[in-house]
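Report on the following structure.
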């Protein structure tokens, strides 16, 4: 046999072994990971992952999740300008726990001492009892994992979103916080070669912790002119917690009403502030009514609903409507 | 020794910690700058308080173990107490004179005789040093490090939508309150009714400030809670009536002024006054 042929055969053999090896590894990791001996896993474990590293370290493998989290409010819960102002330069001790949690376990957390700039980060939410807790029963060669059903439950979020959790519970709606704020897509949990190929695709929850959008579908309005009065009602039809909702933030909805006469001149105006801190936010599926007495003839009412988040002074228009008698 | 004696010694011991040095006028001086190092935000933890708890644990530990006749631990706590006491004495240079290391050492020596009576007697000298500093400094420290500043809280006036400091906002609230009462007094009920609307929305805006310092909604039952709602409803009822009843009107004004303004001032404004005075220095 020619040397080149022999070399080719050898390479083919190695290739076959490699493919078979990868196939076996794929099978073991995804289907029969309980067959993998603990001692084999010990060899590939990265011990520093269990020493509460910063979020950047997790991004070496969980790149997509990291980038999503980076865009979330959770990643800036400690460095947010509005938070720093409200907590008097972070001197109010009562304000630390939920903004720099040590570990989330279903109760109000305690504040941590290290890596505070990372805010509410991977380790706070996932590292419990020496393992990465998550929704899946799986094997992750670099670190031990533990399937914990709490991760798909609202109570998990309720550790800190205590008031919102209470509001949600009272509605009796089944959709969890994660259903709406961490919508799932089929994807890989890791992006690092070759781990990304060896692990099957799974459902991944969006770590952007989406804020949620409001439109005409969500907040319905009814209004009428009747005997020198203008009656208006608002209904939060879709969001199973108050709108807006908050723990210590102060998000608001402003309702502006301008009354015009036949000449198009303003004859009166009214304003309502719908805010959780003032206990005036819109409850789920329950009409809230307002009544205004009119002193002059009115030809139309212009109604504008604006939303202002907890972390900004900017207001965005949700909708605008005109009502005529 | 009888346990009743031990108990009374304990009482004496605790008494010393709480006893003001002497009955005299109280002066509240702003705590020295060097103390800030031991409180947030400069320190991640409230280190000064932690130090206090350490001393207090070892101090108490001596007596608990004397009672249990666990003499090994009596000695340990006595040594630890001296060690922590010395450490504390070096933390704030301006306060060095409050400490009496000799008294601490004398107490430790007395404790090590394992004689409850001797330990009890020697504790007085040490306890007095704790008590003197507490009497002169504790309220000042509470004001400086546990009471947030109202002035740094910004409030958006719901009427003008302008943002302003808490004190300026208070002046606004106060003048719209007067708009209600003055107009009513003059028999101008329509104007009074209009002023009430402004005043109510400005008063309710105060509800948004509680969460800047408090983390439970329970506190909102006070000042801005049911009493205020009742008073506002009562006022609106009178002003919408054909012939307002002054008796009922003024009763509700009184309720609002007392539970809505005065009670909040009595609990919160005291500290604000002190801080403000220091800040004007």
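Chains as they are written, first to last, in the numbering used here: chain A, 1365 to 1689; chain B, 12 to 292. Quick reminder that beta carbons are idealized off the backbone N, C-alpha and C, glycines included.
Using C-beta distances below 7 Å, list every residue in its chain close to residue i, excluding the 5 sequence neighbours before and after it, in chain order.
i, result
"residue 50 of chain B", "57, 59, 156"
"residue 104 of chain B", "45"
"residue 1405 of chain A", "1505"
"residue 1368 of chain A", "none"
"residue 1673 of chain A", "1615"
"residue 1492 of chain A", "1467, 1469"
Within 10 angstroms of the Cβ of residue i, are there 16 or more other Cβ atoms? Answer buried if so, exposed if not.
i, result
"residue 1412 of chain A", "exposed"
"residue 1575 of chain A", "exposed"
"residue 257 of chain B", "exposed"
"residue 1628 of chain A", "exposed"
"residue 1476 of chain A", "buried"
"residue 64 of chain B", "exposed"
"residue 131 of chain B", "buried"
"residue 110 of chain B", "buried"
"residue 1408 of chain A", "exposed"
"residue 265 of chain B", "exposed"
"residue 1474 of chain A", "exposed"
"residue 174 of chain B", "exposed"
Taking Cβ positions, are residue i and residue j nearer each other than 8 Å?
i, j, result
"residue 1656 of chain A", "residue 1573 of chain A", "no"
"residue 1621 of chain A", "residue 1665 of chain A", "yes"
"residue 1480 of chain A", "residue 1433 of chain A", "no"
"residue 263 of chain B", "residue 236 of chain B", "no"
"residue 1546 of chain A", "residue 1667 of chain A", "no"
"residue 1563 of chain A", "residue 1548 of chain A", "no"
"residue 260 of chain B", "residue 195 of chain B", "yes"
"residue 1683 of chain A", "residue 1580 of chain A", "yes"
"residue 1554 of chain A", "residue 1426 of chain A", "yes"
"residue 66 of chain B", "residue 95 of chain B", "yes"
"residue 267 of chain B", "residue 247 of chain B", "no"
"residue 1514 of chain A", "residue 1604 of chain A", "no"
"residue 1416 of chain A", "residue 1478 of chain A", "yes"
"residue 1378 of chain A", "residue 1571 of chain A", "no"
"residue 1503 of chain A", "residue 1391 of chain A", "no"
"residue 1597 of chain A", "residue 1653 of chain A", "yes"
"residue 1607 of chain A", "residue 1669 of chain A", "no"
"residue 233 of chain B", "residue 276 of chain B", "no"
Do you know whose CA, among the options, lies nearest residue i's CA?
i, options, result
"residue 1535 of chain A", "A:1648, A:1479, A:1508", "A:1648"
"residue 1464 of chain A", "A:1516, A:1486, A:1495", "A:1486"
"residue 178 of chain B", "B:164, B:207, B:247, B:131", "B:164"
"residue 1671 of chain A", "A:1502, A:1651, A:1583, A:1587", "A:1583"
"residue 1511 of chain A", "A:1523, A:1522, A:1525, A:1494", "A:1494"
"residue 136 of chain B", "B:115, B:147, B:153, B:120", "B:115"
"residue 102 of chain B", "B:76, B:149, B:47, B:86", "B:47"
"residue 1439 of chain A", "A:1646, A:1459, A:1483", "A:1483"
"residue 140 of chain B", "B:131, B:112, B:158", "B:112"
"residue 207 of chain B", "B:275, B:182, B:243, B:42", "B:243"
"residue 216 of chain B", "A:1643, A:1516, A:1659", "A:1643"
"residue 1610 of chain A", "A:1402, A:1372, A:1532", "A:1532"
"residue 68 of chain B", "B:53, B:87, B:80", "B:87"
"residue 1686 of chain A", "A:1489, A:1680, A:1625, A:1458", "A:1625"
"residue 1335 of chain A", "A:1561, A:1393, A:1409", "Chain A is shown only over 1365 to 1689; residue 1335 of chain A falls outside these bounds and no answer can be derived."
"residue 39 of chain B", "B:107, B:190, B:152, B:254", "B:152"
"residue 1659 of chain A", "A:1631, A:1459, A:1677, A:1424", "A:1631"
"residue 160 of chain B", "B:36, B:292, B:282, B:35", "B:282"
"residue 172 of chain B", "A:1678, A:1641, A:1496", "A:1678"
"residue 252 of chain B", "B:291, B:203, B:280", "B:203"
Measure from the C-beta of residue i to each C-beta in chain D and report whether the shortest distance is under 8 Å.
i, result
"residue 211 of chain B", "Absent from the structure: chain D. Protein chains present are A and B."
Excluding five sequence neighbours on each side, which residues of the same chain lie with their C-beta closer than 6 Å to the C-beta of residue i?
i, result
"residue 1633 of chain A", "1622"
"residue 118 of chain B", "133, 134, 137"
"residue 32 of chain B", "Here residue 32 of chain B scores only 48 on pLDDT, less than 50, and its place in the model is too uncertain to base an answer on."
"residue 1522 of chain A", "1529"
"residue 1435 of chain A", "1572"
"residue 14 of chain B", "Note that residue 14 of chain B has pLDDT 46, beneath the 50 cutoff, so the model's placement of it is unreliable and the number below is only indicative. There are no such residues."
"residue 99 of chain B", "62"
"residue 82 of chain B", "125"
Starting from the C-beta of residue i, find all residues in its chain whose C-beta is less than 8 Å away, skip the five residues before and the five after it, and write them out in chain order.
i, result
"residue 1601 of chain A", "1581, 1582, 1583, 1584, 1649"
"residue 1519 of chain A", "1470, 1529"
"residue 1516 of chain A", "1499, 1540, 1542"
"residue 1565 of chain A", "1550, 1551, 1552"
"residue 184 of chain B", "210, 213, 214, 217"
If we count Cβ pairs, one from each stretch, closer than 8 Å, do we get three or more for the region 1607 to 1616 of chain A versus the region 1632 to 1646 of chain A? Touching, per the Cβ criterion.
Would you call the region 89 to 101 of chain B in contact with the region 68 to 75 of chain B, where contact means no fewer than 3 C-beta pairs closer than 8 Å? Yes, since at least three Cβ pairs between the region 89 to 101 of chain B and the region 68 to 75 of chain B fall closer than 8 Å, the two stretches touch.
Would the region 1442 to 1461 of chain A and the region 166 to 183 of chain B be scored as touching if the rule is three or more Cβ pairs under 8 Å? Three or more Cβ pairs closer than 8 Å define a contact, and the region 1442 to 1461 of chain A falls short of that threshold against the region 166 to 183 of chain B.
At least 3 beta-carbon pairs within less than 8 Å: the region 221 to 232 of chain B vs the region 192 to 206 of chain B: no
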